[in-house]
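Colleague: Sharing a structure below in structure tokens format, with a few things to ask.
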Amino acid sequence: MITIKNTQRKVTIDIAQLKKDAQRILDVLDYADFDLGIWLTSNATMRNYNLRYRGKDKPTDILSFPYHDHLKAGQRIQVLADEDKNIGDLILAPEYIMNNLTQWGESFEQRIRVLLVHGVCHLLGYDHIKDEDYRVMKRKESFLLKKLT
Numbered sequence: 016m017i018t019i020k021n022t023q024r025k026v027t028i029d030i031a032q033l034k035k036d037a038q039r040i041l042d043v044l045d046y047a048d049f050d051l052g053i054w055l056t057s058n059a060t061m062r063n064y065n066l067r068y069r070g071k072d073k074p075t076d077i078l079s080f081p082y083h084d085h086l087k088a089g090q091r092i093q094v095l096a097d098e099d100k101n102i103g104d105l106i107l108a109p110e111y112i113m114n115n116l117t118q119w120g121e122s123f124e125q126r127i128r129v130l131l132v133h134g135v136c137h138l139l140g141y142d143h144i145k146d147e148d149y150r151v152m153k154r155k156e157s158f159l160l161k162k163l164t
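The working numbering applies: residue 16 is where the sequence shown begins, and numbers increase by one.
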């Protein structure tokens, strides 16, 4: 089940489309019946979480909190109990995203999709720390983004 919580009020979000996109991503990844939490929050709250979990005292666009934090890119989640059917949680800051659109050359809706795909990839063990890891993650993101259009 996809759970979306919207506690920010500065940017109007199409929650139904966000949920539809998230479900499509999970369907394509063969995790259709897994849980995913999405929290849309303010820049101030995002700043607090970014400081607490990444040591960066500023807001950011997205943070990912995987349920299976030892999963490697491409590895399947092993379900041993019902609670294992959880991908994790994403926190997005719509105001921050809206204020930084010019650097990406995308609409707000396009950027939300890109970040949703990016965040889910992080939840599934993908990262972009090393160049090769970046290439692997970008391929997965491109594949998933094509499935959303």
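Using N, Cα and C, we set each Cβ at its ideal position, and we do this for glycine too.
In angstroms, rounded to a whole number, what distance separates the CA positions of N65 and I77?
Modeller: Position 50 of the sequence shown, counting from 1, holds the residue named residue 65. Position 62 of the sequence shown, counting from 1, holds the residue named residue 77. The alpha-carbon atoms of N65 and I77 are separated by roughly 9 Å.
Colleague: Please classify L95 as buried or exposed, where buried requires at least 16 neighbouring CB atoms within 10 angstroms.
Modeller: What you label residue 95 is simply residue 80 of the sequence shown in a count that begins at 1. So L95 ends up on the exposed side.
Colleague: With H, G and I counted as helix, E and B as strand and the rest as coil, what does DSSP make of D84?
Modeller: Your numbering for residue 84 matches position 69 in the sequence shown. Three-state DSSP puts D84 in coil, outside helix and strand.
Colleague: Taking L86 as the reference, give the member of D99, T75 and F123 with the closest Cα.
Modeller: Counting from 1 along the sequence shown, the entry for residue 86 is found at position 71. When only C-alpha atoms are compared, the closest one is D99.
Colleague: Would the beta-carbon of I53 fall within 8 Å of that of I19?
Modeller: If you number the sequence shown from 1, residue 53 lands on position 38. If you number the sequence shown from 1, residue 19 lands on position 4. A contact, by the Cβ cut-off of 8 Å.
Colleague: Going by DSSP, what residues sit across from N21 in a beta bridge?
Modeller: To locate residue 21, count along the sequence shown from 1; it is residue 6. Paired residues: L55.
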